[in-house]
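Please read the structure below before turning to the comments.
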Amino acid sequence: MGVRASARKVWKVLENRPLVRSTIAIASLLALAGLLLASLAEVKLISLGFMADNASFLLVPAITSLTATMVSFAVGIVGAIPMGLIRSFGPRLMKGGGRTALLTAPLYGGVTAYIEAIRGTPALVQIFLVAQVSGILFPGNPNIPFLGGVLALTLNTLGYQAEVFRAGFQSVSQTQIDGAKAIGMRPRQVFAHITLPQGTRLITLPLLNEWLSLFKASALLGIVAVSELNWAAGYLGNNRSHPIEAYIMVSAVYLAIIIPLGKAVGYWERRHRTPGLGTAEPTPAGRGVRPRGLTL
Amino acid sequence: MGTGGTKDTTPLVRSSSGGSEKAPTLQERITASKGLILRIAFGGIATVVAVFLLYLAGYVGLYDLDYALSLLPPRGRALTTGLLATLGFMTVVMPLGFGLGFFFGWARTSKVWLGRAVATTYVELFRGMPPIVLIAFAVLITIVVFRGNDRIDLFAFASLAGVVALAAHSGAYQAEIIRAGILSVPTGQTEAAEAIGMSKATILRHVTLPQMFRVSLPALGNEFASLIKDTSLLSTIGGLELTFQGKNLSAVLAVGGGNLDLVIIIWVEIALLYFLITFVVSRTLQAVERRFRVPGLEAAQL
Amino acid sequence: MISVRNVHKWFGELHVLKGVSLDVKKGEALVIIGPSGSGKSTLLRCMNLLVSPDEGDILIDGVRVNDPKIRPEWVRQQVGMVFQSFNLFTHLTALQNVVIGLTKVKRLSSTEAERIARFELERVGLADKADAYPAQLSGGQQQRVAIGRALALNPKAVLFDEPTSALDPEYIREVLDVMTKLANEGMTMVVVTHEMGFAQNVGDRVLFMADGIVVEEGTPEEIFERPQQDRTKTFVGTILG
Chain A
1 MGVRASARKV
11 WKVLENRPLV
21 RSTIAIASLL
31 ALAGLLLASL
41 AEVKLISLGF
51 MADNASFLLV
61 PAITSLTATM
71 VSFAVGIVGA
81 IPMGLIRSFG
91 PRLMKGGGRT
101 ALLTAPLYGG
111 VTAYIEAIRG
121 TPALVQIFLV
131 AQVSGILFPG
141 NPNIPFLGGV
151 LALTLNTLGY
161 QAEVFRAGFQ
171 SVSQTQIDGA
181 KAIGMRPRQV
191 FAHITLPQGT
201 RLITLPLLNE
211 WLSLFKASAL
221 LGIVAVSELN
231 WAAGYLGNNR
241 SHPIEAYIMV
251 SAVYLAIIIP
261 LGKAVGYWER
271 RHRTPGLGTA
281 EPTPAGRGVR
291 PRGLTL
Chain B
1 MGTGGTKDTT
11 PLVRSSSGGS
21 EKAPTLQERI
31 TASKGLILRI
41 AFGGIATVVA
51 VFLLYLAGYV
61 GLYDLDYALS
71 LLPPRGRALT
81 TGLLATLGFM
91 TVVMPLGFGL
101 GFFFGWARTS
111 KVWLGRAVAT
121 TYVELFRGMP
131 PIVLIAFAVL
141 ITIVVFRGND
151 RIDLFAFASL
161 AGVVALAAHS
171 GAYQAEIIRA
181 GILSVPTGQT
191 EAAEAIGMSK
201 ATILRHVTLP
211 QMFRVSLPAL
221 GNEFASLIKD
231 TSLLSTIGGL
241 ELTFQGKNLS
251 AVLAVGGGNL
261 DLVIIIWVEI
271 ALLYFLITFV
281 VSRTLQAVER
291 RFRVPGLEAA
301 QL
Chain C
1 MISVRNVHKW
11 FGELHVLKGV
21 SLDVKKGEAL
31 VIIGPSGSGK
41 STLLRCMNLL
51 VSPDEGDILI
61 DGVRVNDPKI
71 RPEWVRQQVG
81 MVFQSFNLFT
91 HLTALQNVVI
101 GLTKVKRLSS
111 TEAERIARFE
121 LERVGLADKA
131 DAYPAQLSGG
141 QQQRVAIGRA
151 LALNPKAVLF
161 DEPTSALDPE
171 YIREVLDVMT
181 KLANEGMTMV
191 VVTHEMGFAQ
201 NVGDRVLFMA
211 DGIVVEEGTP
221 EEIFERPQQD
231 RTKTFVGTIL
241 G
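Those protein sequence lines, which keep their order, are chains A, B and C.
Under my numbering, the letters of the first sequence match residues 1 to 296, in that order.
Under my numbering, the letters of the second sequence match residues 1 to 302, in that order.
Under my numbering, the letters of the third sequence match residues 1 to 241, in that order.
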């Protein structure tokens with residue numbers, strides 16, 4: 001009885017403090033993981049000494065992974081914005097007829113085909129294609145695996161980001177645009193003052209989710225000889241014969257980057273949500289649904 | 001009960017039930033209207049399963065698979081094998097991932113503290129790692145654990161572990177979809193069901209699940225498309241599917257000789273086959289979604 | 001027919017019902033009024049065990065039903081309920097909403113269930129909306145379907161939890177009409193409402209609740225024209241202007 005009552009009291013205190021609650025949860029999980037590692041080391045299944053000695057080896061691969069992700073993501077944005085614009089405003093321009101329509105139609109068709117092709121095929125296939133083609137074109141160049149890998153990731157994220165931008169631009173409702181027109185804004189002003197700011201709010205979360213997906217996809221580059229984190233796990237495992245330890249370490253690095261970042265994204269989104277803009281619930285159909293399916 | 005209409009009228013209505021009514025019952029009409037799309041969906045699933053079984057039968061030696069495939073031209077043969085294997089992996093990974101996702105998604109909404117904690121940990125861990133690392137890790141652990149055990153086929157066991165790891169990765173995403181679906185059913189709905197005396201199981205079967213699935217279907221379709229593409233990762237652990245065949249073909253036929261055209265052709269062919277699969281699956285799911293659409297229960301879209 | 005004996009209910013620290021007792025007689029329309037937060041809805045929910053009382057008893061025809069041995073599903077078949085926000089099943093048509101209780105709870109054949117459901121829809125004046133989904137109906141129509149859904153199970157009594165509060169003014173009339181007809185047919189009803197006209201004209205008895213207790217009860221005339229308690233006077237005064 002006494003225990004139950006005090007447990008209830010503790011729960012009451014925690015109930016309205018999500019931050020404290022998650023800190024406790026994370027701390028106990030970390031403690032649990034530490035306990036697991038310690039007991040695995042105790043029965044000589046893993047060697048903590050090996051992990052301590054080789055932790056620094058992961059620094060360069062981690063930087064490689066992050067660099068590949070950052071560069072392709074940034075280049076992707078630059079290309080994806082115009083593609084998203086063509087995708088969302090193309091149909092209207094084509095309806096107008098005349099020279100505009102003639103110019104827009106092939107652009108719209110090309111962009112659509114590109115997006116469908118990227119989203120309909122595995123990233124690994126795209127990476128193999130780019131890696132092998134660049135390997136044949138520039139034989140023996142030591143920078144080629146990394147550059148080819150970044151190129152493949154860029155081409156890949158371009159397809160997904162373009163759809164994020166299209167959805168963002170399209171979800172600015174017509175009533176908003178009508179309202180802007182009614183107070184005498186010109187099309188350019190409507191875009192600059194209404195469509196762009198509202199669209200930006202709507203795309204931030206899917207775009208950040210895309211960054212997380214891209215970071216996970218960067219692990220594929222290890223297969224085509226880019227020395228990133230996933231490659232490092234295999235390398236440590238094969239050459240220093242402690243594969244389990246290597247994978248535990250690399251998994252820990254991935255988790256340490258992806259989980260806090262994902263949480264931060266969700267937290268930021270809830271804080272900066274504009275009431276009435278976008279959907280009522282934070283991210284429809286479940287937070288953190290991967291933005292890499294076919295239908296966005 | 002009251003002496004008025006309420007009690008008297010109901011028997012009155014029921015007594016007329018003996019009369020011959022030709023109009024189809026509600027149940028019959030539902031089955032009739034949903035029959036077509038269900039038949040198409042089940043037909044598609046049946047085809048995939050049949051293809052998989054055919055492949056499996058050849059694989060275990062019920063007929064000469066190699067001979068059957070040798071009738072095809074060399075590249076066609078590799079691509080056919082790859083396509084069959086990819087479809088085969090799909091038939092295993094998709095239900096497995098969905099099962100895991102459903103279970104943990106349901107556990108995420110559980111009233112029991114421990115159930116929520118376990119499910120949340122599962123979701124964060126399996127969603128927070130690149131699937132390719134998960135697969136390699138799972139294979140590695142299986143090899144370490146079962147190494148030296150002569151009574152099992154280590155390669156088969158390790159491959160299975162890789163497949164389960166991939167399913168678990170997708171399951172983590174699906175768990176979040178299922179959870180959101182369950183939470184999207186307003187409490188008023190379950191309350192109303194309770195108010196007419198439905199049991200917990202009936203409420204789940206006839207109120208919560210049908211509403212949840214309509215809301216979750218687009219996101220689930222999305223996830224299935226991602227999962228199909230992710231089966232390409234199984235090429236890294238020796239799964240003889242499309243990507244593996246592409247790597248093999250280009251290594252044997254093209255890369256060594258620096259044959260650029262052939263490399264491109266091979267990978268475009270592989271890409272087209274993937275595109276075909278994802279296209280068919282996502283269109284089928286969209287058709288299912290359209291068929292079961294109900295006004296007022298549209299899925300929340302971005 | 002329904003007896004509530006000294007029922008208490010806490011929600012956490014909040015003492016919502018502080019010993020409520022009342023009797024609902026067969027065939028009568030009992031109207032419960034009172035300011036919001038007075039525990040009216042909770043009391044109603046206790047009567048069909050959607051909320052289980054922490055103390056005290058609920059008796060239906062003399063049987064104590066808040067007993068672990070009695071299945072709450074059985075109780076809810078005896079006592080129907082109509083909600084403020086209708087709570088029609090969104091994924092089912094109007095007809096299916098009425099049918100589902102008959103097939104899944106009463107285990108009738110689908111032919112028979114559909115026949116009863118069509119009759120109930122006709123009774124609430126919505127025979128032509130049988131195939132519409134809730135989202136395609138107005139609030140008033142939805143609430144009438146919900147009444148049909150409750151009546152289809154042939155309950156001994158029906159509880160109405162502010163059935164018109166969520167409605168646009170133009171739809172209130174049609175719902176009240178259905179309820180009046182039902183009362184005239186002799187249905188036992190417990191109605192929580194802010195519609196004082198309905199309470200005066202249709203209610204056999206009126207019960208005023210505040211702060212989790214029954215402050216005063218009597219005929220509509222007694223409560224509205226000669227209230228004894230100060231709190232009742234204030235409330236009635238505000239409501240009737």
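Glycine included, C-beta positions come from ideal geometry on N, C-alpha and C.
CA-to-CA distance, residue j to residue i, given in whole angstroms
i, j, result
"B:GLU124", "C:TRP10", "37 angstroms"
"B:LEU217", "B:GLU289", "7 angstroms"
"B:ARG127", "A:LEU214", "13 angstroms"
"B:PRO295", "B:THR109", "26 angstroms"
"C:VAL20", "B:ALA192", "24 angstroms"
"A:ALA280", "C:ARG64", "Its pLDDT being 36, under 50, A:ALA280 is placed unreliably by the model, and nothing is read from it."
"C:ARG5", "A:ALA5", "29 angstroms"
"B:GLY76", "B:VAL164", "29 angstroms"
"B:SER282", "B:ALA180", "21 angstroms"
"A:GLN170", "A:SER88", "6 angstroms"
"A:ILE127", "B:THR208", "42 angstroms"
"B:GLU21", "C:VAL214", "With a pLDDT of 41 at B:GLU21, under the threshold of 50, the modelled position of this residue cannot be trusted, and the question is left open."
"B:TYR303", "B:ALA107", "Because residue 303 of chain B is not part of the residues shown, which for chain B are 1 to 302, the question remains open."
"B:VAL133", "A:LEU212", "15 angstroms"
"B:TYR274", "C:HIS91", "35 angstroms"
"B:LEU220", "B:TYR173", "9 angstroms"
CB contact flag (residue i, residue j, <7 angstroms)
i, j, result
"C:VAL236", "C:PRO163", "no"
"C:THR93", "C:ASP54", "no"
"B:SER235", "B:PHE244", "yes"
"B:VAL215", "B:SER170", "no"
"C:VAL175", "C:GLN200", "no"
"B:GLY105", "B:ALA201", "no"
"A:LEU124", "A:LEU255", "no"
"C:PRO155", "C:GLN78", "yes"
"A:LEU158", "A:ALA80", "yes"
"B:LEU270", "B:GLY239", "Position check: residue 270 of chain B holds Ile in this sequence, whereas Leu was assumed. For B:ILE270 and B:GLY239, no; Cβs fall outside 7 angstroms."
"A:ALA225", "A:PRO139", "no"
"B:THR142", "B:ALA225", "no"
"B:ALA161", "B:VAL139", "yes"
"C:ARG190", "C:LEU49", "Arg is not the amino acid found at residue 190 of chain C; the sequence shown has Val there. Not in contact: C:VAL190 and C:LEU49 (Cβ atoms no closer than 7 angstroms)."
"C:ILE2", "C:LEU207", "no"
"A:ALA180", "A:ILE194", "yes"
Given residue i as reference, the closest of the options once Cα atoms are compared
i, options, result
"C:ARG107", "C:ASN201, C:LEU153, C:PHE198, C:ARG144", "C:LEU153"
"B:ALA156", "B:PHE292, B:THR121, B:VAL60, B:ALA271", "B:VAL60"
"C:ARG149", "C:PRO68, C:ILE116, C:PRO72", "C:ILE116"
"C:GLU28", "C:THR219, C:THR234, C:LEU240, C:ASP230", "C:THR219"
"C:ALA127", "C:SER52, C:LYS181, C:GLN96", "C:GLN96"
Residue i - containing alpha helix (DSSP H), residue span
i, result
"C:MET47", "40-47"
"C:PHE160", "Here C:PHE160 belongs to no alpha helix (DSSP H); instead the beta strand (DSSP E) covers 157-161."
"A:ILE194", "Segment: none, A:ILE194 is in no alpha helix (DSSP H) and carries neither H nor E."
"C:ILE32", "No alpha helix (DSSP H) contains C:ILE32, which is instead part of the beta strand (DSSP E) from 29-33."
"B:HIS169", "154-184"
"B:GLU289", "260-291"
"B:GLY82", "74-108"
"B:ILE135", "131-146"
"A:THR157", "144-170"
"C:VAL105", "No alpha helix (DSSP H) contains C:VAL105, which DSSP labels as neither H nor E."
Run of the beta strand (DSSP E) containing residue i, from where it starts to where it stops
i, result
"C:SER3", "2-11"
"C:ARG205", "205-210"
At a Cβ cut of 7 angstroms, what residues of the stretch 211-226 of chain B count as close to chain C, listed as they run along the chain?
Listed by position along the chain: GLN211, ARG214.
Mind checking the stretch 38-66 of chain C against chain B and listing, in chain order, the residues whose C-beta falls within less than 9 angstroms of any C-beta there?
The stretch 38-66 of chain C vs chain B, Cβ under 9 angstroms: ARG45, ASN48, LEU49, LEU50.
Going along the chain, which residues of the stretch 157-189 of chain B sit with their C-beta nearer than 7 angstroms to a C-beta in chain C?
GLY188, GLN189
Using a Cβ-Cβ cutoff of 9 angstroms, what residues of the stretch 233-247 of chain B are near chain A? List them in chain order.
Here the close residues are LEU233, SER235, THR236, LEU242, THR243, GLY246, LYS247.
Note down, in chain order, all residues in the stretch 250-276 of chain A with a beta-carbon under 8 angstroms from any beta-carbon belonging to chain B.
VAL250, SER251, TYR254, LEU255, ILE258, ILE259, GLY262
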